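Same order as they appear, the protein sequences are chains H and Y. Each step along the first sequence adds one to the number in our numbering, with nothing skipped, and position 105 is 347. Each step along the second sequence adds one to the number in our numbering, with nothing skipped, and position 384 is 626. What follows is a short report on a single structure.
2 protein chains.
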Amino acid sequence: MTNAFTLLKTSPTGPRAGVLRTPHGDVPTPVFMPVATQGTVKAVSPEELKGLGASIVLSNTYHLYLRPGLEVMRRAGGLHRFMAWDGPILTDSGGFQVLSLTFLRRLSDEGVGFRSHIDGGSEHMLTPELAIEIQETLGSDIMMALDECPAFGGDFEAIKAATERTHRWAERCLARRRNTGQALFGIVQGGTFPELRRDSARFIAGLPFDGYALGGLSVGEPKPVTYAAIEQCAPLLPEDRPRYLMGVGSPEDFFECVSRGIDMFDSVLPTRVARNGAIFTTEGREDIGNARFKEMMGPIEPGCDCYTCRTFSAAYLHHLFRCQELLAYRLATIHNLRFIVRLMQDIRRAILDGSFDGLKESFLRRYRPADAEVAASQKQKWMEAQKRKRSALEAEG
Amino acid sequence: MTNAFTLLKTSPTGPRAGVLRTPHGDVPTPVFMPVATQGTVKAVSPEELKGLGASIVLSNTYHLYLRPGLEVMRRAGGLHRFMAWDGPILTDSGGFQVLSLTFLRRLSDEGVGFRSHIDGGSEHMLTPELAIEIQETLGSDIMMALDECPAFGGDFEAIKAATERTHRWAERCLARRRNTGQALFGIVQGGTFPELRRDSARFIAGLPFDGYALGGLSVGEPKPVTYAAIEQCAPLLPEDRPRYLMGVGSPEDFFECVSRGIDMFDSVLPTRVARNGAIFTTEGREDIGNARFKEMMGPIEPGCDCYTCRTFSAAYLHHLFRCQELLAYRLATIHNLRFIVRLMQDIRRAILDGSFDGLKESFLRRYRPADAEVAASQKQKWMEAQKRKRSALEAEG
Chain H
243 MTNAFTLLKT SPTGPRAGVL RTPHGDVPTP VFMPVATQGT VKAVSPEELK
293 GLGASIVLSN TYHLYLRPGL EVMRRAGGLH RFMAWDGPIL TDSGGFQVLS
343 LTFLRRLSDE GVGFRSHIDG GSEHMLTPEL AIEIQETLGS DIMMALDECP
393 AFGGDFEAIK AATERTHRWA ERCLARRRNT GQALFGIVQG GTFPELRRDS
443 ARFIAGLPFD GYALGGLSVG EPKPVTYAAI EQCAPLLPED RPRYLMGVGS
493 PEDFFECVSR GIDMFDSVLP TRVARNGAIF TTEGREDIGN ARFKEMMGPI
543 EPGCDCYTCR TFSAAYLHHL FRCQELLAYR LATIHNLRFI VRLMQDIRRA
593 ILDGSFDGLK ESFLRRYRPA DAEVAASQKQ KWMEAQKRKR SALEAEG
Chain Y
243 MTNAFTLLKT SPTGPRAGVL RTPHGDVPTP VFMPVATQGT VKAVSPEELK
293 GLGASIVLSN TYHLYLRPGL EVMRRAGGLH RFMAWDGPIL TDSGGFQVLS
343 LTFLRRLSDE GVGFRSHIDG GSEHMLTPEL AIEIQETLGS DIMMALDECP
393 AFGGDFEAIK AATERTHRWA ERCLARRRNT GQALFGIVQG GTFPELRRDS
443 ARFIAGLPFD GYALGGLSVG EPKPVTYAAI EQCAPLLPED RPRYLMGVGS
493 PEDFFECVSR GIDMFDSVLP TRVARNGAIF TTEGREDIGN ARFKEMMGPI
543 EPGCDCYTCR TFSAAYLHHL FRCQELLAYR LATIHNLRFI VRLMQDIRRA
593 ILDGSFDGLK ESFLRRYRPA DAEVAASQKQ KWMEAQKRKR SALEAEG
């Protein structure tokens with residue numbers, strides 16, 4: 243794989259704008275990747291994704307490996323054809339899901355043995371080699387190396403061991419990849435220990451990856467810790483390769499992380515909160531279920547160019563959510579994704595014309611981030627729902 | 243209201259093809275009307291409805307009156323603008339829903355007093371006059387008179403009383419309507435008693451309605467009874483006005499009822515079964531959840547021109563249903579509605595070119611109707627779910 247990343251504007255410690263070339267098209271950076279966990283960005287069609295300006299989506303190796311499975315993927319001719327998305331796809335390696343969704347895990351240097359969270363019983367072993375094999379079968383444009391993403395709050399020795407294992411797995415992923423034209427990104431770990439972060443960045447940067455990701459962040463640590471970790475790592479990564487911060491998706495974070503040299507983001511946040519009726523606007527997130535929207539005949543965000551705002555009133559969206567109509571989830575998802583994609587387009591334009599600091603300042607002055615408590619309680623609710631699902635499966639298994 | 247119905251081909255006791263002109267466009271008949279209960283055809287957008295060839299939708303007076311309510315409808319400028327559908331809309335009168343969804347009903351000549359099934363508490367009184375006022379506020383193209391739709395299995399005297407009340411209410415609806423350019427259809431009742439059906443058809447036909455509906459059918463009676471009721475009524479209705487059979491939506495029924503002179507149909511069947519994964523094909527309904535679709539890389543119905551079949555494999559739709567992904571419900575709904583709309587287009591073309599009997603014969607020879615037991619058990623499941631919802635509300639109230 244040759245370097246398919248072109249920087250149009252760069253700075254050793256500041257924002258960058260570039261283009262990442264992939265077999266399925268160009269990705270202007272910085273970029274946000276909507277998440278298509280099971281081969282569909284929840285509630286929207288491929289045409290709607292194209293229409294709102296998404297240039298790349300992220301899909302989950304772990305989920306697609308378990309269901310529909312590799313045999314179906316082979317017959318379909320890969321994930322692009324299966325999900326009818328002809329744009330670029332990045333696939334994660336499955337490491338994060340194996341460690342957060344499964345139970346009865348057995349972690350060793352060989353890989354992670356686990357039981358499926360879907361059928362609650364079947365046993366599997368995810369190794370670095372299998373992670374690559376799955377992603378080659380999926381035919382994604384960008385593959386991720388298998389990493390061990392430790393939970394936030396582990397002690398130094400535990401994080402150090404996980405980080406070193408991640409390094410050994412990174413080498414095995416590189417050794418296993420075939421010449422398929424797919425890019426392969428390495429993942430820096432190291433938890434919130436600056437020394438481990440830097441060691442990991444140096445080690446991973448020394449391997450011939452096509453891009454470099456920061457993993458193990460946005461898993462519960464305070465935001466200043468996330469930002470500090472980026473500052474520790476970014477200067478150690480090759481300047482001419484894309485840098486991807488995994489799992490970050492809130493508007494205020496984009497500015498802070500782009501400022502520190504990040505090029506790529508993904509998160510379920512904009513789509514998940516949309517399905518709960520939380521709508522992004524330039525002033526912050528609004529709850530469409532709030533009674534004040536009941537008679538609002540204008541769009542939820544005046545001036546927004548998304549399909550939802552061009553077509554329907556806030557009152558209609560409020561009504562759909564109150565009635566739990568399926569169309570509600572789609573319309574809110576389209577709006578939130580368009581909001582995020584457009585914001586990233588604005589950020590990129592500002593980087594190119596030198597006005598990034600001004601845009602950052604004016605956006606953040608107006609935008610009221612979701613209250614940390616609200617955000618934490620939403621995350622808590624979701625994690626409890628996941629736990630309930632898992633218990634139900636265990637009970638059945 | 244002048245007669246806006248033009249028959250292009252007719253027969254006193256056989257199939258007819260025509261065009262119904264409305265303020266929001268022409269409706270070629272025979273026609274199937276997808277149901278937009280709460281101002282949205284579940285899971286699809288207005289553009290998708292247009293794209294699959296729907297020429298008119300049906301919305302529910304009862305639901306929209308309770309939520310979002312008339313004040314919102316007035317501010318929105320009517321239902322068309324509220325739901326962003328610029329084609330024709332027929333609204334039912336609310337009578338059927340009041341009698342099937344609410345509890346603590348008090349039925350009198352004045353109207354139906356009931357408690358909302360939504361907030362479980364608020365009290366309302368639906369009168370013929372209010373039914374018209376609501377529908378004028380909604381601004382539908384076709385309004386329905388308020389009727390009393392008795393449950394299947396009532397005795398002669400009970401059905402007779404309900405039918406006579408329906409007649410008195412029909413006159414009050416006509417007296418109350420204003421000159422809004424909206425059509426108003428009367429409803430024939432009479433249960434399954436041929437004599438009452440004929441009396442009702444004669445009475446309603448004698449009133450100056452713009453169209454005539456058969457109500458109180460498809461509520462649990464055997465199909466031959468439904469067909470017989472049509473045969474009893476159709477010859478008594480004015481030939482130059484549209485005839486609408488309420489609540490019928492299965493492919494085999496279209497042929498049988500069009501054969502007997504019906505022009506318009508509505509039913510939640512195609513959309514409701516779609517959300518359960520039941521897919522219409524020319525050979526009958528298929529369950530997309532069946533394992534035999536897991537690796538089927540062709541469309542669910544080869545040759546189908548719907549968005550779903552043109553874009554995705556049966557295997558992908560199977561996967562989405564297995565994962566309970568929101569996109570599944572949309573894709574199945576689009577297919578089923580397109581199947582029904584296209585079938586009705588084929589029927590109309592066949593009537594016009596004189597080949598209806600051949601089409602009917604060849605379709606019914608191939609098409610395997612949903613097993614009566616399957617259909618009954620599906621209906622039963624749905625009714626039980628409704629009952630559970632209602633009990634939950636009563637418990638809260």
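Where a beta carbon is used, it is the ideal one built from N, C-alpha and C, also for glycine. Values in this document were obtained by computation on a predicted structure and should not be read as measured data.
(Q) So, at 6 Å on beta carbons, what are the nonlocal neighbours of residue 346 of chain H in its own chain, with the 5 sequence-adjacent residues on each side left out? (A) So the qualifying residues of the chain are 357.
Q | Short-range partners of chain Y found in the region 284–301 of chain H, where Cβ spacing is below 8 Å | A | Within the region 284–301 of chain H, 284, 285, 286, 287, 288 place their CB atoms closer than 8 Å to a CB of chain Y, listed in sequence order.
Q. DSSP on residue 543 of chain Y, reduced to helix/strand/coil?
A. It is coil, neither helix nor strand.
Q | Limits of the alpha helix (DSSP H) - the one that residue 291 of chain Y falls within | A | From DSSP, the alpha helix (DSSP H) with residue 291 of chain Y extends over 288–293.
Q) Looking only at its own chain, which residues have a Cβ that is under 6 Å from the Cβ of residue 473 of chain Y, when we skip the five neighbours before and after it? A) Excluding the 5 residues flanking it on each side, residue 473 of chain Y has same chain C-beta neighbours closer than 6 Å at 502, in chain order.
Q | CA-to-CA distance, residue 505 of chain Y to residue 272 of chain Y, given in whole angstroms | A | The C-alpha of residue 272 of chain Y lies about 4 Å from the C-alpha of residue 505 of chain Y.
Q. Out of curiosity, what's the CA-to-CA distance linking residue 286 of chain Y and residue 444 of chain Y?
A. Those two C-alpha atoms are separated by around 40 Å.
Q.
For the beta strand (DSSP E) containing residue 274 of chain H, name the first residue and the last one.
A. Per DSSP, residue 274 of chain H belongs to the beta strand (DSSP E) from 273–275.
Q. In this structure, does DSSP put residue 453 of chain H in helix, strand or coil?
A. Residue 453 of chain H falls in the strand class under three-state DSSP.
Q) Quick one: does residue 539 of chain H have its CB under 7 Å from some CB of chain Y? A) It does; some Cβ of chain Y falls within 7 Å.
Q: For my contact list, residue 556 of chain Y and residue 530 of chain Y are in at a C-beta cut-off of 8 Å; report their separation, rounded to the angstrom.
A: Indeed, because the Cβ distance is near 7 Å, the residues count as touching under 8 Å.
Q: Could you name the residues of the same chain whose beta carbon sits closer than 6 Å to that of residue 464 of chain H, not counting the 5 residues immediately before and after it, in chain order?
A: Excluding sequence neighbours, residue 464 of chain H sits near nothing in its chain.
Q. Counting contacts by CB-CB distance shorter than 7 Å, is residue 571 of chain Y in contact with chain H?
A. Chain H contact via Cβ: present.
Q | residue 330 of chain Y, DSSP secondary structure in three states | A | Looking at residue 330 of chain Y - three-state DSSP - the assignment turns out to be coil, as it is neither helix nor strand.
Q. Can you name the residues of chain Y whose CB is closer than 9 Å to the CB of residue 275 of chain H?
A. The premise fails here: residue 275 of chain H is roughly 18 Å from chain Y at the closest Cβ pair, so nothing lies under 9 Å.
**Q.** Contacts that residue 565 of chain Y makes with chain H (C-beta to C-beta distance below 7 Å)
**A.** Here the neighbours are 280, 309.
Q: Determine the chain H residues that contact residue 324 of chain Y at a beta-carbon separation under 7 Å, and present them in chain order.
A: Here the neighbours are 558.
Q: For residue 562 of chain H, I'd like the list of residues in its chain whose CB is within less than 6 Å of its CB, leaving aside the five on either flank, ordered along the chain.
A: Contacts found: 569, 570.
(Q) Residues in the same chain with beta-carbon distance under 8 Å from residue 316 of chain Y, minus the five sequence neighbours each way, listed in chain order, please. (A) If you ignore the 5 residues before and after residue 316 of chain Y, its C-beta comes within less than 8 Å of the C-beta of 379, all in its own chain and listed in chain order.
Q: Could you check what DSSP says for residue 585 of chain Y in three-state terms: helix, strand or coil?
A: Looking at residue 585 of chain Y - three-state DSSP - the assignment turns out to be helix.
Q: Answer yes or no: do residue 384 of chain H and residue 332 of chain H have a C-beta to C-beta separation smaller than 7 Å?
A: For the pair residue 384 of chain H and residue 332 of chain H, the CB atoms are nearer than the 7 Å cut-off.
Q. Looking at C-alpha atoms only, which residue of H:500, H:539, H:566 is the closest neighbour of residue 598 of chain H?
A. That would be H:500, whose Cα lies nearest to the Cα of residue 598 of chain H.
Q: Quick one: list the residues of chain Y neighbouring residue 379 of chain H, beta-carbon separation under 9 Å, in chain order.
A: Under the 9 Å cutoff, chain Y gives no residues; its nearest Cβ is about 15 Å from residue 379 of chain H.
Q. Listing by chain order, which chain Y residues have their CB less than 8 Å from the CB of residue 580 of chain H?
A. The contacting residues do not exist; residue 580 of chain H stays about 15 Å from chain Y at best.
Q: Kindly indicate which three-state DSSP category residue 260 of chain H falls into: helix, strand or coil?
A: Residue 260 of chain H carries a strand assignment under DSSP once its states are collapsed to helix, strand and coil.
Q.
Using C-beta distances below 8 Å, list every residue in its chain close to residue 318 of chain H, excluding the 5 sequence neighbours before and after it, in chain order.
A. So the qualifying residues of the chain are 324.
Q | Stretch-stretch touch, CB-based, cutoff 8 Å, three pairs: the region 535–551 of chain H with the region 263–281 of chain Y | A | With a cut-off of 8 Å, the region 263–281 of chain Y and the region 535–551 of chain H do not count as touching, because too few Cβ pairs lie within range.
Q) In the structure shown, what three-state DSSP assignment does residue 520 of chain H receive? A) Of the three classes helix, strand and coil, the one that applies to residue 520 of chain H here is strand, per DSSP.
Q | Assumed close pair residue 381 of chain Y, residue 405 of chain Y - CB separation to whole angstroms, cut-off 8 Å | A | Not really, about 30 Å apart at Cβ, beyond 8 Å.
**Q.** Classification of residue 367 of chain Y by the beta-carbon crowding that lies within 10 angstroms, buried from 16 upward
**A.** Residue 367 of chain Y is exposed by the Cβ-count criterion.
Q. Relative to the alpha-carbon of residue 475 of chain H, which residue among H:250, H:256, H:251 has its alpha-carbon at the smallest distance?
A. Comparing alpha-carbon positions, the option among H:250, H:256, H:251 lying closest to residue 475 of chain H turns out to be H:256.
Q | Whether residue 513 of chain H touches residue 608 of chain H by CB criterion (7 Å) | A | Not a contact, by the Cβ cut-off of 7 Å.
Q | Own chain partners of residue 259 of chain H with C-beta closer than 6 Å, once the 5 adjacent residues on each side are dropped | A | Excluding residues within five positions, the ones whose Cβ falls inside 6 Å are 250, 251, 590, 593, 594.
Q. What are the residues that DSSP puts in a beta bridge with residue 506 of chain H?
A. H:273, H:486.
Q | Where residue 530 of chain Y sits in the DSSP three-state scheme | A | Correct three-state label for residue 530 of chain Y: coil.
Q: Could you spell out where the beta strand (DSSP E) holding residue 647 of chain H opens and where it closes?
A: A question about residue 647 of chain H goes unanswered here, because the residues of chain H that appear run from 243 up to 639.
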